[in-house]
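**Q**
Numbering (this note's numbering), first residue to last: 218 to 484.
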């Protein structure tokens, strides 16, 4: 199965009104909710009914799914190196202003403090990681060469990538390559700036972009040389940590990468 272009990101919520207000405060456009189709619920393996809140940020789509049959809350003790970790990188031209808005809306820190500028060897971006009120990880990202990367504009601009923590870099690269993505230039991220960004002590991480035929957004593999001790038990589809990347084309299907991160095809 070829994963050609990302159509949307789906976040599981047990408190949709709270999250809708949070993402609206960040600058997302909120669209009226609608029921999730019975065929999709069957494909997901979730009994009962569900409701979806579509949202937009620039050209990117994020959808909040709430099910009558609730799963587990976001796991306690999970950090930026935990296998369940999957963040959306929200692009902005002003990380400080966007971060202040996120704090006022109820964000909680992953990073040690506010935005940090990484060294050029790690991309030279200004970034900060945090969580929404239900625990979903997010990152604000400001590029030093934004226009060259196609991110002209002011305010909150869109989504550059979804980053996932992987336990075996080679196995994950092989999985995404087999499904039609190409490997970009990897970086080795470490040092005090990376520690401040991740809220971890002395992290060393391979960061590997995996590029679909049409991007952005793309997928980013985060392989930490020393991983978190938090549980790596695969999430159930209705757990709050069960973020799904949704792809255009293909028959309706649900698949998992080698670490259990979820992908959905057929919209």
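Where is the CB? At the ideal position from N, CA and C, for every residue including glycine. Keep in mind it's a predicted model, so treat the numbers as computed, not measured.
Using the beta-carbon count (16 or more within 10 Å), is residue 366 buried or exposed?
**A** By the 10 Å Cβ count, residue 366 comes out exposed.
**Q** Within the same chain, show all residues whose beta-carbon is closer than 6 angstroms to that of residue 453, passing over the 5 residues directly before and after it, in chain order.
**A** For residue 453, where only same-chain residues beyond five positions count, the Cβ hits under 6 angstroms are 288.
**Q** Roughly how many angstroms lie between the CA atoms of residue 341 and residue 357, to the nearest whole one?
**A** Rounded to whole angstroms, residue 341 to residue 357 spans 14 angstroms at the Cα level.
**Q** Run the CB neighbour count on residue 349, radius 10 Å, all protein chains shown included, and call it buried at 16 or more, exposed below.
**A** It is buried - the Cβ of residue 349 has at least 16 other Cβ atoms within 10 Å.
**Q** Leaving out five residues before and five after residue 225 in sequence, what residues of the same chain have Cβ atoms less than 7 angstroms from its Cβ?
**A** Cβ within range, chain order: 278, 279, 280 and 463.
**Q** Out of 296, 321 and 360, which has the shortest C-alpha to C-alpha gap to residue 346?
**A** If we check each option's Cα against that of residue 346, 296 comes out closest.
**Q** Flag this pair as yes or no: are the beta carbons of residue 223 and residue 434 separated by less than 8 angstroms?
**A** Taking 8 angstroms as the Cβ cut-off, residue 223 and residue 434 qualify as a contacting pair.
**Q** Bridge partners of residue 189, per DSSP?
**A** Here the chain has residues from 218 to 484 only, and residue 189 is not among them.
**Q** Going by beta carbon distance, what residues of the same chain come within less than 8 angstroms of residue 318, once the five residues before and after it are set aside?
**A** These residues qualify, in order along the chain: 242, 243 and 244.
**Q** Leaving aside the five residues before and after residue 386 along the sequence, list all residues of the same chain whose C-beta is less than 7 angstroms from its C-beta, in chain order.
**A** Hits under 7 angstroms: 423, 425, 438 and 440.
**Q** Considering only their Cβ atoms, is the gap separating residue 311 from residue 230 smaller than 8 angstroms?
**A** No.
**Q** Grouping DSSP H, G and I as helix and E and B as strand, with all else coil, what is residue 350?
**A** Note: residue 350 maps to coil in three-state DSSP.
**Q** From the DSSP output, in three-state form, read off residue 464 for me.
**A** It is a strand residue.
**Q** Considering just the uninterrupted stretch of the alpha helix (DSSP H) at residue 290, what are its terminal residues?
**A** Here residue 290 belongs to no alpha helix (DSSP H), and DSSP marks it neither H nor E.
**Q** Take residue 359 as the anchor and find which of 482, 381, 352 and 377 has the nearest alpha-carbon.
**A** For the residues 482, 381, 352 and 377, the minimum Cα distance to residue 359 belongs to 377.
**Q** Going by alpha carbons, who is nearest to residue 379 out of 272, 246, 483 and 305?
**A** Checked all of 272, 246, 483 and 305; the closest Cα to residue 379 is 305.
**Q** Work out the CA separation of residue 331 and residue 313 for me, nearest whole Å.
**A** Each residue's alpha carbon lies about 8 angstroms from the other.
**Q** Report all residues from its chain with a CB closer than 6 angstroms to the CB of residue 339; omit the five preceding and five following residues, and keep chain order.
**A** Contacts found: 404 and 406.
**Q** Can you tell me which of the three DSSP states residue 394 falls into?
**A** Residue state, collapsed to three classes: helix.
**Q** Taking the alpha-carbon positions, what's the residue 303 to residue 455 distance?
**A** Rounded to whole angstroms, residue 303 to residue 455 spans 15 angstroms at the Cα level.
**Q** Comparing alpha-carbon positions, which option in 397, 355 and 240 lies nearest residue 428?
**A** The shortest C-alpha separation from residue 428 is found at 397.
**Q** Please work out which residues of its chain come closer than 6 angstroms, Cβ to Cβ, to residue 442, disregarding the five sequence neighbours upstream and downstream, and give them in chain order.
**A** Hits under 6 angstroms: 421.
**Q** With a CB to CB cut of under 8 angstroms and the five nearest residues on each side skipped, what residues in its chain are close to residue 187?
**A** The chain is shown only over 218 to 484; residue 187 falls outside these bounds and no answer can be derived.
**Q** Quick check: the Cα distance between residue 299 and residue 384, rounded to an integer number of angstroms?
**A** Computed Cα separation, rounded: 9 angstroms.
**Q** Just the Cα atoms here: how many angstroms apart are residue 368 and residue 232?
**A** Distance between the alpha carbons of residue 368 and residue 232: 32 angstroms.
**Q** If you run the structure through DSSP and keep just helix, strand and coil, what is residue 233?
**A** Residue 233: helix per DSSP, three-state reduction.
**Q** Go ahead and label residue 294 buried or exposed: buried means 16 or more other beta carbons lie within 10 angstroms of its beta carbon, across all protein chains shown.
**A** Exposed, by the Cβ-count rule.
**Q** Counting along the chain, where does the beta strand (DSSP E) carrying residue 219 start and finish?
**A** Segment: none, residue 219 is in no beta strand (DSSP E) and carries neither H nor E.
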